[in-house]
Structure formats: structure tokens, C-alpha cells
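Single-structure report; data block below.
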Amino acid sequence: MTKLTEWIVLAGLAFSLWITLLVDFFPIRISYEAKEVLWPMPVYALIAFGCYSLATIGYRVATFNDCLEASKSLKQEIKDAREDLTRKGYKFD
Amino acid sequence: MADKMDKYSILLPTYNERENLPLIVWLIVNAFSESGNDYEIIIIDDGSPDGTQEAAKQLEDIYGTEIIRLRPRPSKLGLGTAYIHGMQHARGNFIIIMDADLSHHPKFIPEFIRKQKEGNFDVVSGTRYIGSGGVFGWDLRRKLISRGANYLTQILLRPGASDLTGSFRLYKKDVLQCLVDACVSKGFIFQMEMIVRARQFGYTIGEVPITFVDRVYGESKLGGSEVVSFAKGLLYLFATT
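Protein chains in written order, with the numbering used here: chain A, 1 to 93; chain B, 1001 to 1241.
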């Protein structure tokens, strides 16, 4: 099963559960008040997911390591490499 | 304590890397002389006009033909075929792939090797996104696009690896062979396809945090066309894996 079909199956399941509860397909009684809450659920879910995503990405951007040390030590190593290679007979131009 | 049986072949595909090639080779030799593992460096130059091959020959004279192995190709033929070409000449049972432009540091190779042995992983992937990993030389915009694209990919593909577009990795040779045969994408999407297919085929993936030092100052490699090809690649993998 590809990721695409996984997503379609899951979305289909969630959607059918939601619609069957709304149209009283199951023999369980759902009060009018509960339906008031239930029908905009997909929108709530999307908003919640959007907020979670933005928060996650924001946090990860803010905590992305800058690696200043790695850049500094690389510069030093490049110097060392040039010296050592020149000693070994390498001709830089 | 190095395993006498294991040999590591480092594939260095190059194009106009005359400046960087001696430096990266020196750093690789350094890393391996400290770790004591058996290794070879296979330089696959795609007919660079800047004299990369002359530089490679000088290095061959210094370090010997057992360590430095030149396997050039006449013209620029792409990354996937460079790996195939390099693998045909590789004598190691492990293949290490990295960029020759010094954005990947060979000091991490011993950690890749340790990680691989720890869980007998089929693939060990360097990651900029977890632990001590990171990037030097990226502005906020670049970080935002990178993190956003990575998040979207994680949600859609759940690939079991945190860095999909990175290209600093260690593979068991037969695993790399199988993955290269199965992957059709080009450029950095190729790296993404390799790791996603690795998961699809049930290969185990270990991860090592790496630092990525972007030395191409003032030139953004991430333009509109990269975003478009990323989106296409993502959708292709979403529908086929």
C-alpha cells in the first residue's frame, strides 16, 4: 500500500465516521447539542493541525544549530591541510 | 579496534573541485588514520575543465594508488550513474557517499562506522536535523524553507529518517546497488528517493548528527525551480512508495 492509499483510506474512514454520526445511521442516539459540536469537527481538526504544524516548524527553525564552531575549525584544518600537503609535494597554484 | 574484514570505499563524485579535492582527501586520510579502518577513495570526475583530474593525479602520487583510485568519466553524467560507476570499481563491502565541496566533514566517518556496527544497519544517514547536527551559513529564509519542507515530508512519507535530502551516508554495498537500481530521480530528490525506498524495502536506517558547512557564500542554491522539483519529487514518492 502506498502512502497515498494509506492517506485516502484513513481520510475516508474518518469522514464516514463523521457523516454517519451526523445522519443517525447508527442506532445510537446523539443529542442535538452533541451534533452542534460534531458537525464543524473537521474544521477544528484542520485548525488544530495547522497550529501544531506552525508551532513545530517555528520551534525547529529557532533551535536549528548554527555550527559556528564547525566552520571555524574547518578553516583551521584547511590551513593545516595546505601546509601538510605542500610539505608532501603537492603543488597548489 | 578495527574489524580486519571490513573495507570502506568512499565515492567522491567531482565536478570543478580542484580547490577542494586535496583538502577533502587530506581530511579523509586524517580521519581514517585515527580510526584505523581499511579504506579507499574513489574519485569520479566528470570531465571537469578546471583541472580537477590533475589535482587528483598529484594526490595519487602522494598517497598511492591503493588509497586514491581515479575513475574519471568523459562528461557530466549525473549522480546516480556516478555511484554505479564508482561501485563497479569499489573493493570495499561498505560504501560512503559524501560531497567533495567540504560541506561534509570526514571527521564524522568514524561515527558512521561505529553507528553501523552498533545496530548492523543497512544504511547510516548523516542528519542536520537532530541532536548536535546543524548547518553553518544559512539565513532565516533558508532555514524556514528547509524545516518546512522537511516537516511536510515527514508527515506525508513517514520515512523513518530525519534528513532526506542530505547526501552524507554509509551503505552496505549490496544495499546501495539495490537502491541505485530502483531509484529514478535526479539531483537532491535522488537522495530523498534513496532513503525513502530504503524504508520501503525494509532496510534498517541508523542516524548520525552531522554539521553541514555551506561555503557557497552569497549564492542561494535554493530557488524557485528547486522548490518545484522538490514538490514533484515529494508527490512522486507519495504515490509510489
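Glycine is no exception: its CB is placed at the ideal position from the N, C-alpha and C atoms.
Report the neighbours of residue i on chain B: residues whose CB is nearer than 8 Å to its CB, in chain order.
i, result
"A:I78", "L1023, L1102"
"A:T56", "Y1151"
Do residue i and residue j have their CB atoms nearer than 8 Å?
i, j, result
"A:Y145", "B:I1062", "In this structure chain A extends from 1 to 93, so residue 145 of chain A is not present and cannot be described."
"B:M1087", "B:Q1177", "yes"
"B:T1156", "B:F1238", "Note on identity: in this sequence residue 1156 of chain B is Leu, with Thr being the wrong assignment. A contact, by the Cβ cut-off of 8 Å."
"B:A1100", "B:E1017", "yes"
"B:S1125", "B:G1187", "no"
"B:I1095", "B:A1031", "no"
"B:L1079", "B:V1213", "no"
"B:S1009", "B:G1064", "no"
"B:L1012", "B:I1043", "yes"
"B:I1113", "B:N1037", "yes"
"B:H1104", "A:A70", "no"
"B:G1137", "B:R1215", "yes"
"B:S1075", "B:D1122", "no"
"B:I1195", "B:I1205", "yes"
"B:T1127", "B:E1207", "yes"
"B:D1027", "A:A81", "The amino acid occupying residue 1027 of chain B in the given sequence is Leu; Asp does not appear at that position. It is a contact, given that the beta carbons lie within the stated cut-off."
Could you list which residues in chain B have their beta carbon closer than 7 Å to that of residue i, in chain order?
i, result
"A:L85", "P1022, W1026"
"A:L22", "Correct list: empty, because the minimum Cβ distance to chain B is about 27 Å."
"A:G50", "The premise fails here: A:G50 is roughly 12 Å from chain B at the closest Cβ pair, so nothing lies under 7 Å."
"A:A45", "Simply none; closest approach about 14 Å."
Looking at the secondary structure, which residues open and close the beta strand (DSSP E) in which residue i lies?
i, result
"B:E1207", "1205-1209"
"B:I1097", "1094-1097"
"B:E1040", "1038-1045"
"B:G1134", "1134-1136"
"B:K1172", "1169-1172"
"B:R1069", "1068-1070"
"B:G1126", "1123-1127"
Can you tell me where the alpha helix (DSSP H) holding residue i begins and where it ends?
i, result
"B:Y1015", "Note, B:Y1015: premise wrong, no alpha helix (DSSP H); not H, not E."
"A:D84", "68-87"
"B:K1076", "Note, B:K1076: premise wrong, no alpha helix (DSSP H); not H, not E."
"B:Y1151", "1140-1157"
"A:G50", "41-62"
"B:S1225", "1224-1240"
"B:F1190", "1187-1200"
Anything in chain A within Cβ reach of residue i, meaning under 7 Å, just list it in chain order.
i, result
"B:L1156", "K3"
"B:T1211", "C67, A70"
"B:F1238", "K3, L4"
"B:T1241", "T2, K3"
Determine the chain A residues that contact residue i at a beta-carbon separation under 8 Å, and present them in chain order.
i, result
"B:A1056", "Within chain A, no residue comes near B:A1056; the closest Cβ sits about 11 Å away, beyond 8 Å."
"B:S1132", "N65"
"B:H1105", "A70, L74"
Could you work out which residues of chain B lie near residue i, taking near to mean beta carbons separated by less than 9 Å?
i, result
"A:G89", "Q1058, D1061, I1062"
**OP:** Check whether the segment 60-71 of chain A touches the segment 1128-1136 of chain B, counting contact only when three or more Cβ pairs, one atom from each stretch, lie closer than 8 Å.
**Re:** yes
Original post:
For the segment 1136-1150 of chain B, which residues have a CB atom closer than 9 Å to at least one CB atom of chain A, in sequence order?
Top reply: F1136, G1137, W1138, L1140, K1143, L1144, S1146, R1147, G1148, N1150
Original post:
Which residues, taken in chain order from the segment 1162-1194 of chain B, show a beta carbon closer than 7 Å to some beta carbon of chain A?
Top reply: none
Original post:
How about the segment 1146-1164 of chain B and the segment 1047-1056 of chain B: do they share at least three Cβ pairs that are nearer than 8 Å?
Top reply: no
Subject >> Against chain B: residues of the segment 59-70 of chain A by CB proximity under 7 Å >> reply: R60, V61, F64, N65, D66, C67, L68, A70
**OP:** Indicate whether the contact test is met: 3 or more Cβ pairs, each with one atom in the segment 1139-1148 of chain B and one in the segment 1074-1091 of chain B, closer than 8 Å.
**Re:** no
Original post:
Relative to chain B, which residues along the segment 7-34 of chain A have a C-beta separation below 9 Å, given in chain order?
Top reply: W7
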